[in-house]
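Start counting the sequence shown at 662; every next residue gets the next number (the numbering used here). Ideal placement from N, C-alpha and C gives every residue a C-beta, glycine not left out. Structure first, commentary second.
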Amino acid sequence: GQQLITPAAVATEALDPTTGKLLWTARTGGMNASGLPQYGHGLVFVNNGMGSMSAIKPDGKGDLEAAWSTRRNIPKKSSMILHGAHLYMVADTGVASCLEAKSGKALWSERLGAGQFAASPILSKGRLYFFSINGDVVVTAAEPRFKVIARGKFDDGFMASPAVAGNALILRTKSAVYRVE
């Protein structure tokens, strides 16, 4: 059945959305995470808000153990992206990574050369868009091999994650809002 996945301080819980009944708990540690959990390949991917992530198989009851977990280049603020067989993310420090979703194996981890990050990346048409705190934008291929496609710069930095509206990106820097098509 359906599950409502709720990451919180110390643990991630799954609730039955119709009754509120607790289905399972996984001790993922950390603080209240701002990154959204992702689901695929029979696993729930949870960022704990403290630089660690876990992959949980959500088919049990009671206390569950992580199928795998890692602390290497994991974002504290932004959400990760599950695309096909891979997880993509950018750590607060500016290191972007691609992990094999089923195993957690790092396929690449590369410094984007754009400072620090808080905003979540965006995926569109096989490209990942990363928006840094100092206003740099880095576009890479959403592939298991690292490849920068483009770079750009805004006058001010990004704390908020971009929004998608049709064919447009709505970008909010610290001082302005842009619509980019």
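Nearest-angstrom Cβ-Cβ length linking residue i and residue j, presumed shorter than 8 Å
i, j, result
"Ile735", "Gly765", "Going by Cβ atoms, the distance from Ile735 to Gly765 rounds to 11 Å, so no, they are not a contact pair."
"Ile783", "Val825", "7 Å"
"Leu704", "Ile717", "6 Å"
"Leu684", "Lys722", "6 Å"
"Ala811", "Gly787", "The pair is not a contact, with the Cβ atoms about 13 Å apart (cut-off 8 Å)."
Cut-off 8 Å between Cβ atoms - residues of its own chain near residue i, not counting five sequence neighbours on either side
i, result
"Gly796", "Lys814, Phe815, Asp816, Asp817, Gly818, Phe819, Thr834"
Endpoints, beta strand (DSSP E) assigned at residue i
i, result
"Ser783", "Note on residue identity: the sequence assigns Ile, not Ser, to residue 783. From DSSP, the beta strand (DSSP E) with Ile783 extends over 783–785."
"Pro668", "665–668"
"Leu697", "Here Leu697 belongs to no beta strand (DSSP E), and DSSP marks it neither H nor E."
"Val825", "824–826"
"Ile742", "742–744"
"His702", "His702 -> no beta strand (DSSP E), and no H or E assigned at all."
"Glu761", "756–761"
"Arg772", "767–772"
"Val751", "747–751"
Bridge partner(s) assigned by DSSP for residue i
i, result
"Asn708", "Met714"
"Gly813", "Val798"
"Arg788", "Ser785, Ala802"
"Leu819", "According to the sequence displayed, residue 819 carries Phe and not Leu. Beta-bridge pairing links Phe819 to Thr834."
"Leu725", "Ala687"
Cut-off 6 Å between Cβ atoms - residues of its own chain near residue i, not counting five sequence neighbours on either side
i, result
"Ser715", "Thr689, Val707, Ala727, Ser730"
"Val756", "Asn734, Ser770, Arg772"
"Met692", "Ala670, Gly710, Met711"
"Met750", "Pro736, Met741, Ser758"
"Ser836", "Asp817"
"Glu842", "Asn828, Ala829"
"Phe807", "Trp769, Glu771"
"Val798", "Phe792, Gly813"
When the options are compared against residue i, the one with the closest alpha-carbon
i, options, result
"Thr679", "Gln664, Ala669, Ser758", "Gln664"
"Thr754", "Leu830, Tyr790, Arg772", "Arg772"
"Glu857", "Ala811, Val798, Ser836, Leu789", "The first residue shown for the chain is 662 and the last is 842, placing residue 857 beyond what the model contains."
"Ala779", "Ala757, Ile831, Phe792", "Phe792"
"Ala694", "Gly701, Asp720, Thr667", "Thr667"
"Gly662", "Asp720, Thr686, Gln699", "Asp720"
Cut-off 7 Å between Cβ atoms - residues of its own chain near residue i, not counting five sequence neighbours on either side
i, result
"Glu761", "Ala746, His747, Leu768"
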